[in-house]
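Q: Quick note on this note's numbering: the first sequence kicks off at 84 and runs consecutively. Starting off with a structure, shown below.
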Amino acid sequence: MVRVRFAPSPTGFLHIGSARTAIFNWLYARRTGGKFLLRVEDTDLKRSEARFLDEILEDLSWLGLDWDEEPLFQSRRFDVYRAKAGELVAAGLAYRDGDAVLFRVPPGRTVAYDDLVHGPISVASDTLKDQVLIKSDGSPTYNFSCVVDDAHMGITHILRGDDHISNTPKQALFYEAFGLTPPRFGHMPLILGADGSKLSKRHGGVSVEEYKREGFLPEALANYLILLGWTPRDGREMMTPAEAASLFDIAEMNDVQAKFDLQKLRWLNAEYIVKSPNERLLPLVRAHLAAAGLIADSSSAPVSSSSSSSVPDAYLAKVLDLYKVRAKTLSELPPMVDLFFRDYFPLDEDGLKHLASPQRQDGRLRQELRELAGAEVWK
RNA sequence: GGCGCUAUCGUCUAGAGGCCCAGGACAGGUGGUUCUCAGCCAUCAGACCGGGGUUCGAAUCCCCGUAGCGCUACCA
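Listed below in structure tokens is the structure:
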């Protein structure tokens, strides 16, 4: 049975690239009827924080992913890693260097494996230095804890970013040292910023949380991330994770790094906004309007008296019907609809000219507008 | 520097030797519809990194170059 895992480090928010890795692992598990597991790589005690883990799990759920077992925490398994390293030392395959344990890389070997997305990859062991297994402070290195835990969790397929390609031969050597058959590896290309450089803040956000806050719908983000690296056979572009899961094939994964295109994400988001029923959008829209100060913040409003000042759903729904075709993100909505939440309507010259143009046959309205213009002292 | 991965329109991609004077989507241009915007409809422009091979035939295979990215940590 297929068992895959997503292994975040709780040292920051969920990166957009990590989110994609998680999605594809989930896709593969769901496609094959296997298990999608979580492992918390919190070996860096100083940088790991519980609040980051909470945020990461929340974002994964938000994106529509679910996992099959309780997450494994690496910070609770330090004694296991040390014991495992001890086995290798006893077998003469590793040695203690001060308080650290290093793996002896066998010379003159070609370490090869068949990558699920890239095909055959090989590297000469002579280009590898001896690998640290256990650091002087007793904590394990990434590559070592990774192998120990993947074996422990019975992981059959490892789908991760291209940045781990160079780690794989090292890990393959560890499996060999333990007499284990390594899992299958598949490395997916990294996501780059629009200018081809490493994805960073200036490209429009690197964390899932930022897109959530901007008013992107999770189905749009998930859909876009899936598209960035895989195209279904039938060429469709809009799909839910569940639909993608029914079509997914690792062999079809792209092996080319892709640039993150905010325009296309925005287009997808707009499509999902238009398709979403108002009941689903309303709570989100409320939050954005409240954040913009256009309506009272429902979450912090007093329970009793002020019902008269709260805007009814029916009213918001009408506004939404008018404007959801124009907004590419929910955060764009408030400036577009602010006039529906004000008591005065200052008109600029263009607006006045347009509404009072002779093309309008409604003389009565024109008259009213003139009066309005005269009354512009409000502004 | 060493090792590795990659290379089709601005972007995401289709293309697994002839079906391709390269198809789709986003973005862009133009026109139409509309009292504005958005939308919708129509339409245009836009690419096989360079050079060598292999082959009757290459975007597709091989080699070299170039470029981008990754790794080269007692970070993960």
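Don't be surprised by glycine CBs; every beta carbon is placed ideally from N, CA and C.
Are residue 107 and residue 271 close, meaning C-beta to C-beta below 8 Å?
A: Numbered from its first residue, the first sequence carries residue 107 at position 24. Numbered from its first residue, the first sequence carries residue 271 at position 188. Closer than 8 Å, so yes.
Q: Do residue 313 and residue 293 come within 8 Å of each other at the CB atom, strictly closer than that value?
A: Position 210 of the first sequence holds residue 293. Position 230 of the first sequence holds residue 313. Cβ distance not < 8 Å, so residue 293 and residue 313 don't count as in contact.
Q: Buried or exposed: where does residue 128 fall if 16 or more other Cβ atoms within 10 Å of its Cβ makes it buried?
A: Locating residue 128 in the first sequence gives position 45, where the first residue counts as 1. The residue is exposed, with fewer than 16 neighbouring Cβ atoms inside 10 Å.
Q: DSSP on residue 85, reduced to helix/strand/coil?
A: In the first sequence, the residue the question calls residue 85 occupies position 2. The answer is coil: DSSP assigns residue 85 none of H, G, I, E or B.
Q: May I ask whether a heavy atom of the ligand MN can be found less than 7 Å away from the beta carbon of residue 203?
A: The model on display carries no ligand, and the ligand MN is accordingly not part of it.
Q: Within 10 Å of its beta-carbon, does residue 84 have 16 or more other beta-carbons around it, so buried, or fewer, so exposed?
A: Your numbering for residue 84 matches position 1 in the first sequence. Counting Cβ neighbours within 10 Å, residue 84 comes out exposed, since fewer than 16 surround it.
Q: In the DSSP output, what is residue 321 paired with across the bridge?
A: In the first sequence, the residue the question calls residue 321 occupies position 238. None, per the DSSP bridge assignment.
Q: Apart from the five residues on each side of it in sequence, which residues of its chain come closer than 6 Å, Cβ to Cβ, to residue 254?
A: Reading the first sequence from its first residue, position 171 is the one you call residue 254. Excluding residues within five positions, the ones whose Cβ falls inside 6 Å are 226 and 230.
Q: Given a threshold of 16 other Cβ atoms within 10 Å of its Cβ, counted over all protein chains shown, does residue 355 qualify as buried or as exposed?
A: Within the first sequence, residue 355 is the residue found at index 272, counting from 1. Buried is the call here.
Q: For residue 126 versus residue 228, is the C-beta distance shorter than 8 Å?
A: For this step, residue 126 is matched to residue 43 along the first sequence. For this step, residue 228 is matched to residue 145 along the first sequence. In this structure, residue 228 lies closer than 8 Å to residue 126 by Cβ.
Q: Measure the C-alpha to C-alpha separation of residue 175 and residue 182 and round it to an integer number of angstroms.
A: Counted from its first residue, the first sequence places residue 175 at position 92. Counted from its first residue, the first sequence places residue 182 at position 99. Going by the C-alpha atoms only, they are around 17 Å apart.
Q: Tell me the DSSP secondary structure of residue 159 in three-state form.
A: Position 76 of the first sequence, counted from the first residue, corresponds to residue 159. Residue 159: helix per DSSP, three-state reduction.
Q: For residue 358, which beta-bridge partners are listed by DSSP?
A: Counting from 1 along the first sequence, the entry for residue 358 is found at position 275. Residue 358 pairs with nothing; no bridge assigned.
Q: Please return the same chain residues whose Cβ sits closer than 6 Å to the Cβ of residue 103, not counting the five positions on each side in sequence.
A: Counting from 1 along the first sequence, the entry for residue 103 is found at position 20. Correct list, in chain order: 308.
Q: Are residue 348 and residue 424 close, meaning C-beta to C-beta below 8 Å?
A: If you number the first sequence from 1, residue 348 lands on position 265. If you number the first sequence from 1, residue 424 lands on position 341. No, these two residues do not count as a Cβ contact at 8 Å.
Q: Are the CB atoms of residue 276 and residue 286 nearer to each other than 8 Å?
A: Position 193 of the first sequence, counted from the start, is the residue given in the question as residue 276. Position 203 of the first sequence, counted from the start, is the residue given in the question as residue 286. It is a contact, given that the beta carbons lie within the stated cut-off.
Q: Pick helix, strand or coil for residue 348, following the three-state DSSP scheme.
A: As a first step, residue 348 must be located in the first sequence, where it is residue number 265. Of the three classes helix, strand and coil, the one that applies to residue 348 here is helix, per DSSP.
Q: Cα separation between residue 408 and residue 139?
A: In the first sequence, counting from the first residue as 1, residue 408 sits at position 325. In the first sequence, counting from the first residue as 1, residue 139 sits at position 56. Their Cα atoms are separated by approximately 31 Å.
Q: Given that a residue counts as buried once 16 or more other Cβ atoms are within 10 Å of its Cβ, and exposed if not, what is residue 398?
A: What you label residue 398 is simply residue 315 of the first sequence in a count that begins at 1. Looking at its Cβ environment, which holds fewer than 16 other Cβ atoms inside 10 Å, residue 398 is exposed.
Q: Return the CA-CA distance between residue 89 and residue 422, expressed in angstroms with no decimal places.
A: What you label residue 89 is simply residue 6 of the first sequence in a count that begins at 1. What you label residue 422 is simply residue 339 of the first sequence in a count that begins at 1. Residue 89 and residue 422: Cα-Cα distance of roughly 46 Å.
Q: Going by C-alpha distance, which of 265, 217 and 206 is nearest residue 234?
A: Along the first sequence, one-based indexing puts residue 234 at 151. If we check each option's Cα against that of residue 234, 265 comes out closest.
Q: Using the three-state DSSP reduction, which class does residue 235 fall into: helix, strand or coil?
A: As a first step, residue 235 must be located in the first sequence, where it is residue number 152. Looking at residue 235 - three-state DSSP - the assignment turns out to be helix.
Q: Determine the contact status of residue 333 and residue 269, defining contact as a CB-CB distance below 8 Å.
A: Translated into the one-based positions of the first sequence, residue 333 becomes position 250. Translated into the one-based positions of the first sequence, residue 269 becomes position 186. In contact: residue 333 and residue 269 (Cβ atoms closer than 8 Å).
Q: Give the range of the beta strand (DSSP E) segment to which residue 299 is assigned.
A: Counted from its first residue, the first sequence places residue 299 at position 216. Residue 299 -> no beta strand (DSSP E), and no H or E assigned at all.
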